[in-house]
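Take a look at the structure set out below.
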Amino acid sequence: MSEYRARFNAEVAFINGGDLRVSDFRLDLPSATVTESELAELFVRHLGLALVESVDITGLSVVEEQHKGSRGTDAHASTSAHVVDLSHTVSAGLVTYPGLPAPVITPHLTREDSRAKYAPGTEFALDVITMIGNTGTYLDSPFHRYEGGTDLSGLELETLVGLRAEVFHLDDVDWGTDAATRGIPASVFFDRDLAGSAVLLHTGWDVHFGQPAYATGSPFLTEAGVRHLVDAGVTLVGIDSLNIDDTESGGERPAHSLLLDAGIHVVEHLTNLGAVPARGARFTAVPPKVADFGTFPVRAFAEIPGR
(Lines of atoms letter the chains of each structure in order from A; the text may use other names.)
(Lines give C-alpha, C1' and ligand atoms only; values in the text may rest on other atoms or scores of the structure.)
Protein backbone atom coordinates (compact mmCIF):
# COMPACT_ATOMS: atom_id res chain seq x y z
CA MET A 1 0.00 0.00 0.00
CA SER A 2 1.48 3.36 -1.06
CA GLU A 3 2.16 6.03 1.56
CA TYR A 4 2.46 9.77 0.94
CA ARG A 5 4.11 12.77 2.56
CA ALA A 6 3.73 16.48 2.01
CA ARG A 7 6.65 18.88 1.62
CA PHE A 8 5.93 22.55 2.14
CA ASN A 9 6.81 25.88 3.70
CA ALA A 10 4.55 27.35 6.37
CA GLU A 11 4.09 30.57 8.28
CA VAL A 12 1.93 30.47 11.40
CA ALA A 13 0.51 33.54 13.17
CA PHE A 14 -0.84 33.32 16.72
CA ILE A 15 -3.77 35.30 18.08
CA ASN A 16 -1.77 36.30 21.16
CA GLY A 17 1.19 37.50 19.11
CA GLY A 18 4.28 35.97 17.60
CA ASP A 19 4.75 33.72 14.59
CA LEU A 20 6.43 30.53 13.46
CA ARG A 21 8.12 29.89 10.12
CA VAL A 22 9.29 26.56 8.72
CA SER A 23 10.79 25.61 5.38
CA ASP A 24 10.84 22.28 3.53
CA PHE A 25 8.74 20.70 6.29
CA ARG A 26 7.65 17.09 5.77
CA LEU A 27 4.45 15.55 7.11
CA ASP A 28 2.76 12.16 6.73
CA LEU A 29 -0.52 12.23 4.79
CA PRO A 30 -3.48 9.83 5.12
CA SER A 31 -3.88 9.88 1.31
CA ALA A 32 -2.31 11.29 -1.85
CA THR A 33 -4.74 14.19 -2.09
CA VAL A 34 -4.80 17.05 0.41
CA THR A 35 -5.93 20.68 0.25
CA GLU A 36 -3.94 23.51 1.80
CA SER A 37 -6.59 23.97 4.48
CA GLU A 38 -6.55 20.25 5.33
CA LEU A 39 -2.75 20.29 5.44
CA ALA A 40 -2.80 23.34 7.71
CA GLU A 41 -5.01 21.46 10.17
CA LEU A 42 -2.74 18.39 10.07
CA PHE A 43 0.31 20.60 10.57
CA VAL A 44 -1.15 22.36 13.61
CA ARG A 45 -2.28 19.06 15.12
CA HIS A 46 1.12 17.45 14.50
CA LEU A 47 3.00 20.24 16.29
CA GLY A 48 0.38 20.60 19.02
CA LEU A 49 0.07 24.34 18.41
CA ALA A 50 -2.44 26.44 20.37
CA LEU A 51 -4.06 29.85 19.77
CA VAL A 52 -3.35 29.74 16.05
CA GLU A 53 -4.73 32.67 14.08
CA SER A 54 -3.68 31.64 10.57
CA VAL A 55 -1.51 29.21 8.65
CA ASP A 56 -0.07 30.16 5.27
CA ILE A 57 1.10 27.16 3.22
CA THR A 58 3.41 27.66 0.22
CA GLY A 59 5.54 25.44 -2.00
CA LEU A 60 3.34 22.39 -1.43
CA SER A 61 4.25 19.12 -3.11
CA VAL A 62 3.08 15.59 -2.35
CA VAL A 63 5.49 12.70 -2.81
CA GLU A 64 5.14 8.95 -2.49
CA GLU A 65 7.29 8.27 0.55
CA GLN A 66 7.21 6.03 3.60
CA HIS A 67 5.51 7.46 6.69
CA LYS A 68 7.84 8.53 9.51
CA GLY A 69 5.27 8.74 12.31
CA SER A 70 3.78 12.23 12.21
CA ARG A 71 1.45 12.82 15.15
CA GLY A 72 -2.22 13.44 14.52
CA THR A 73 -2.23 12.50 10.83
CA ASP A 74 -3.67 8.99 11.12
CA ALA A 75 -0.54 7.74 9.38
CA HIS A 76 -0.88 4.14 10.57
CA ALA A 77 -4.18 3.40 8.84
CA SER A 78 -4.33 -0.01 7.18
CA THR A 79 -6.99 -1.63 5.06
CA SER A 80 -6.58 -5.17 6.38
CA ALA A 81 -5.04 -6.90 9.34
CA HIS A 82 -1.83 -8.75 8.61
CA VAL A 83 1.37 -10.07 10.16
CA VAL A 84 4.85 -8.95 9.06
CA ASP A 85 7.77 -11.33 9.57
CA LEU A 86 10.80 -9.44 10.94
CA SER A 87 13.23 -12.36 11.25
CA HIS A 88 16.10 -13.59 9.12
CA THR A 89 16.03 -17.27 8.14
CA VAL A 90 18.47 -19.48 10.05
CA SER A 91 20.21 -22.01 7.83
CA ALA A 92 23.36 -24.12 7.89
CA GLY A 93 26.42 -21.97 7.27
CA LEU A 94 24.68 -18.65 8.00
CA VAL A 95 27.12 -15.92 9.04
CA THR A 96 25.32 -13.51 11.34
CA TYR A 97 28.18 -11.80 13.15
CA PRO A 98 31.76 -11.97 11.82
CA GLY A 99 33.94 -14.30 13.85
CA LEU A 100 31.11 -16.26 15.43
CA PRO A 101 30.46 -19.86 14.34
CA ALA A 102 27.82 -20.55 11.74
CA PRO A 103 25.03 -23.08 12.40
CA VAL A 104 25.71 -26.73 11.59
CA ILE A 105 22.71 -28.97 10.90
CA THR A 106 23.21 -32.75 10.90
CA PRO A 107 20.74 -35.64 10.79
CA HIS A 108 20.18 -37.72 13.92
CA LEU A 109 17.64 -39.95 12.19
CA THR A 110 17.09 -39.74 8.44
CA ARG A 111 13.74 -40.41 6.83
CA GLU A 112 15.23 -43.46 5.15
CA ASP A 113 16.50 -44.92 8.44
CA SER A 114 13.23 -44.13 10.23
CA ARG A 115 11.26 -46.43 7.93
CA ALA A 116 12.63 -49.46 9.80
CA LYS A 117 11.32 -48.10 13.10
CA TYR A 118 7.73 -47.20 12.17
CA ALA A 119 4.76 -48.68 10.37
CA PRO A 120 4.80 -48.78 6.55
CA GLY A 121 4.27 -45.32 5.10
CA THR A 122 5.31 -43.58 8.32
CA GLU A 123 8.65 -41.78 8.43
CA PHE A 124 10.29 -38.93 10.34
CA ALA A 125 13.38 -36.75 10.19
CA LEU A 126 15.19 -35.90 13.44
CA ASP A 127 17.96 -33.35 13.08
CA VAL A 128 20.55 -31.76 15.35
CA ILE A 129 21.45 -28.08 15.06
CA THR A 130 24.62 -26.78 16.63
CA MET A 131 24.78 -23.01 16.84
CA ILE A 132 25.72 -20.09 19.01
CA GLY A 133 22.82 -18.19 20.55
CA ASN A 134 23.79 -15.10 18.58
CA THR A 135 22.43 -16.44 15.30
CA GLY A 136 19.97 -14.83 12.91
CA THR A 137 17.49 -12.49 14.59
CA TYR A 138 17.99 -12.96 18.32
CA LEU A 139 17.06 -11.58 21.73
CA ASP A 140 19.50 -10.69 24.51
CA SER A 141 18.41 -11.19 28.11
CA PRO A 142 20.21 -9.61 31.11
CA PHE A 143 22.08 -12.92 31.67
CA HIS A 144 23.90 -12.24 28.38
CA ARG A 145 25.65 -9.24 29.95
CA TYR A 146 25.47 -9.78 33.69
CA GLU A 147 26.29 -12.77 35.88
CA GLY A 148 23.19 -13.42 37.92
CA GLY A 149 20.99 -11.51 35.49
CA THR A 150 17.65 -12.91 34.34
CA ASP A 151 18.17 -15.71 31.83
CA LEU A 152 15.89 -16.74 28.96
CA SER A 153 13.81 -18.97 31.22
CA GLY A 154 13.06 -16.08 33.57
CA LEU A 155 11.69 -13.59 31.07
CA GLU A 156 8.05 -12.61 31.55
CA LEU A 157 5.92 -13.29 28.48
CA GLU A 158 4.12 -9.98 29.01
CA THR A 159 7.38 -8.24 28.10
CA LEU A 160 7.79 -10.20 24.87
CA VAL A 161 4.32 -10.55 23.35
CA GLY A 162 2.05 -7.97 21.75
CA LEU A 163 4.10 -4.91 22.72
CA ARG A 164 3.07 -1.55 21.34
CA ALA A 165 5.53 -0.95 18.52
CA GLU A 166 7.08 2.47 18.05
CA VAL A 167 9.02 2.26 14.78
CA PHE A 168 11.55 4.93 13.87
CA HIS A 169 12.11 4.92 10.11
CA LEU A 170 15.68 6.13 9.64
CA ASP A 171 16.48 4.30 6.42
CA ASP A 172 16.81 7.54 4.44
CA VAL A 173 19.59 8.83 6.72
CA ASP A 174 23.10 9.10 5.25
CA TRP A 175 24.95 7.20 7.96
CA GLY A 176 28.43 8.21 6.84
CA THR A 177 31.57 6.35 7.88
CA ASP A 178 32.51 7.55 11.35
CA ALA A 179 30.90 7.16 14.76
CA ALA A 180 29.70 10.77 14.82
CA THR A 181 27.48 10.19 11.77
CA ARG A 182 26.46 6.57 12.42
CA GLY A 183 25.00 7.06 15.89
CA ILE A 184 21.25 7.45 16.49
CA PRO A 185 20.83 10.41 18.88
CA ALA A 186 18.39 10.87 21.73
CA SER A 187 16.63 13.70 19.89
CA VAL A 188 15.08 11.20 17.47
CA PHE A 189 12.83 9.99 20.30
CA PHE A 190 11.68 13.32 21.76
CA ASP A 191 8.28 13.50 20.04
CA ARG A 192 6.82 10.24 21.35
CA ASP A 193 5.58 8.68 24.57
CA LEU A 194 7.56 5.44 24.66
CA ALA A 195 6.73 3.98 28.08
CA GLY A 196 6.11 0.23 27.89
CA SER A 197 6.75 0.06 24.16
CA ALA A 198 9.01 -1.87 21.82
CA VAL A 199 11.21 0.74 20.15
CA LEU A 200 12.24 -0.58 16.73
CA LEU A 201 15.04 1.18 14.84
CA HIS A 202 14.67 0.86 11.08
CA THR A 203 18.06 1.85 9.68
CA GLY A 204 17.84 -0.08 6.41
CA TRP A 205 21.14 -1.81 7.15
CA ASP A 206 19.49 -5.24 6.84
CA VAL A 207 19.87 -5.01 3.05
CA HIS A 208 23.53 -5.97 3.64
CA PHE A 209 22.77 -8.99 5.85
CA GLY A 210 24.90 -11.99 4.91
CA GLN A 211 27.32 -9.83 2.93
CA PRO A 212 30.73 -8.40 3.92
CA ALA A 213 29.29 -4.86 3.90
CA TYR A 214 27.06 -5.76 6.85
CA ALA A 215 30.06 -6.07 9.16
CA THR A 216 31.42 -2.53 9.02
CA GLY A 217 30.07 1.00 9.23
CA SER A 218 26.68 -0.01 10.63
CA PRO A 219 24.33 2.38 12.47
CA PHE A 220 24.03 2.07 16.25
CA LEU A 221 22.28 3.64 19.23
CA THR A 222 24.26 6.36 21.02
CA GLU A 223 24.71 6.30 24.78
CA ALA A 224 22.58 9.44 25.06
CA GLY A 225 19.87 7.68 23.05
CA VAL A 226 20.09 4.67 25.34
CA ARG A 227 19.78 6.78 28.47
CA HIS A 228 16.71 8.51 27.03
CA LEU A 229 15.02 5.16 26.34
CA VAL A 230 15.86 3.84 29.80
CA ASP A 231 14.43 6.98 31.40
CA ALA A 232 11.36 6.69 29.16
CA GLY A 233 10.62 3.21 30.52
CA VAL A 234 10.64 1.24 27.29
CA THR A 235 10.26 -2.54 27.43
CA LEU A 236 12.33 -3.61 24.43
CA VAL A 237 14.67 -2.06 21.86
CA GLY A 238 15.30 -3.66 18.47
CA ILE A 239 17.51 -2.73 15.53
CA ASP A 240 18.05 -4.06 12.00
CA SER A 241 21.83 -3.58 11.93
CA LEU A 242 24.92 -5.50 13.04
CA ASN A 243 24.72 -4.40 16.67
CA ILE A 244 22.86 -1.95 18.88
CA ASP A 245 26.30 -0.73 20.04
CA ASP A 246 29.16 0.68 18.00
CA THR A 247 31.41 -2.37 17.60
CA GLU A 248 34.15 -0.26 16.02
CA SER A 249 34.73 1.99 19.03
CA GLY A 250 36.54 -0.56 21.19
CA GLY A 251 35.22 -2.86 23.90
CA GLU A 252 32.66 -0.58 25.50
CA ARG A 253 29.03 -1.57 25.04
CA PRO A 254 26.89 1.15 26.68
CA ALA A 255 23.66 0.12 24.94
CA HIS A 256 23.85 -3.50 26.08
CA SER A 257 25.09 -2.51 29.53
CA LEU A 258 22.45 0.11 30.30
CA LEU A 259 19.46 -1.54 28.63
CA LEU A 260 20.03 -5.01 30.04
CA ASP A 261 20.85 -3.63 33.49
CA ALA A 262 17.42 -1.95 33.38
CA GLY A 263 15.75 -5.21 32.33
CA ILE A 264 15.06 -3.91 28.82
CA HIS A 265 15.29 -6.62 26.18
CA VAL A 266 17.51 -6.16 23.14
CA VAL A 267 16.67 -7.67 19.74
CA GLU A 268 19.31 -7.44 17.01
CA HIS A 269 19.41 -8.27 13.29
CA LEU A 270 15.77 -7.50 12.60
CA THR A 271 14.65 -7.19 9.01
CA ASN A 272 11.70 -5.90 6.97
CA LEU A 273 10.93 -3.05 9.39
CA GLY A 274 10.08 -0.90 6.39
CA ALA A 275 6.79 -2.81 6.14
CA VAL A 276 5.72 -1.76 9.64
CA PRO A 277 4.04 1.62 10.25
CA ALA A 278 5.59 4.10 12.65
CA ARG A 279 2.70 3.53 15.04
CA GLY A 280 -0.21 1.16 15.51
CA ALA A 281 1.46 -2.26 15.25
CA ARG A 282 2.12 -4.84 17.97
CA PHE A 283 5.54 -6.52 18.25
CA THR A 284 6.34 -10.04 19.45
CA ALA A 285 9.72 -11.77 19.86
CA VAL A 286 9.81 -14.86 22.10
CA PRO A 287 12.89 -17.06 22.63
CA PRO A 288 12.67 -20.62 24.00
CA LYS A 289 12.61 -21.07 27.78
CA VAL A 290 16.26 -22.09 28.33
CA ALA A 291 17.87 -21.91 31.77
CA ASP A 292 21.37 -20.45 32.22
CA PHE A 293 21.36 -19.07 28.69
CA GLY A 294 21.36 -15.42 27.70
CA THR A 295 20.75 -15.12 23.95
CA PHE A 296 18.71 -17.09 21.43
CA PRO A 297 17.09 -16.67 18.00
CA VAL A 298 13.48 -15.49 17.95
CA ARG A 299 10.70 -15.45 15.38
CA ALA A 300 10.03 -11.74 15.57
CA PHE A 301 6.92 -10.33 13.95
CA ALA A 302 4.60 -7.34 13.91
CA GLU A 303 0.81 -7.48 13.89
CA ILE A 304 -0.75 -4.59 12.00
CA PRO A 305 -4.45 -4.10 12.77
CA GLY A 306 -7.01 -3.41 10.08
CA ARG A 307 -9.51 -0.58 10.02
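Numbers 1 to 307, taken from full-length UniProt numbering, label the letters of the sequence shown in order. Built from N, CA and C at the ideal position, the CB exists for glycine as well.
- The beta carbons of Tyr146 and Val63 sit no closer together than 9 angstroms.
- Annotation: the continuous alpha helix (DSSP H) that includes Thr181 extends over Ala179 to Arg182.
- Inclusion of Thr137 and Ala285 in the CB contact set at 9 angstroms is warranted, their separation being smaller than that value.
- Nearest neighbour of Leu60 by Cα position, chosen from Gly69, Asp261, Gly294 and Val22, turns out to be Val22.
- Contact between the region 207–214 and the region 174–191 is absent, with fewer than three C-beta pairs closer than 8 angstroms.
- Every unbroken stretch of the alpha helix (DSSP H) spanning 4 or more residues and falling wholly within the region 54–125 is given here in chain order: 111–114.
- Taking each of Thr235, Pro185, Asp206 and Asp193 in turn and checking the Cα distance to Glu223, the smallest one comes out for Pro185.
- Within the same chain, Pro103 come within 6 angstroms of Met131 by CB-CB distance, once the 5 residues on both sides are set aside.
- Here His67 is buried, its C-beta having at least 16 other C-beta atoms within 10 Å.
- In the three-state reduction of the DSSP assignment, Glu268 falls in the strand class.
- Distance from the Cα of Leu139 is smallest, within the candidate group Ala6, Val276 and Leu236, for Leu236.
- In this model, Glu123 and Leu163 are separated by some 40 angstroms (Cα to Cα).
- Each residue's CA atom was taken as its position, placing Asn243 and Leu29 some 32 angstroms apart.
- Secondary structure note for Arg45: its alpha helix (DSSP H) is the uninterrupted segment Glu36 to Leu47.
- Counting only the Cα atoms, Pro142 lies some 29 angstroms from Ile304.
- Secondary structure of Glu11 (DSSP, three-state): strand.
- Rounded to the nearest angstrom, the Cβ distance from Arg26 to Glu166 is 19 angstroms, too far for a contact under 8 angstroms.
- The residues Ala186 and Leu258, in chain order, have a CB closer than 8 angstroms to that of Arg227 in the same chain once the five nearest residues on each side in sequence are set aside.
- For Pro297, the pairing in a beta bridge is given by DSSP as Tyr138.
- Our two residues, Asp246 and His256, have alpha carbons roughly 11 angstroms apart in a direct line.
- If you draw a straight line from the Cα of His169 to the Cα of Ile129, it comes to about 35 angstroms.
- The beta carbons of Asn16 and Leu51 sit about 5 angstroms from each other, so the pair counts as a contact at 8 angstroms.
- Distances from the CA of Ala275 to each of Leu42, Glu156 and Ser87 were compared; the closest alpha carbon is that of Ser87.
- In its chain, beyond the 5 residues on either side, Phe301, Ala302, Glu303 and Ile304 have a beta carbon closer than 8 angstroms to the beta carbon of Val83.
- In this structure, Val234 lies near Ala198, with their beta-carbon atoms less than 9 angstroms apart.
- A distance of 9 angstroms or more separates the beta carbons of His265 and Asp240.
- Taking the Cα positions, Asp172 is about 57 angstroms away from Lys117.
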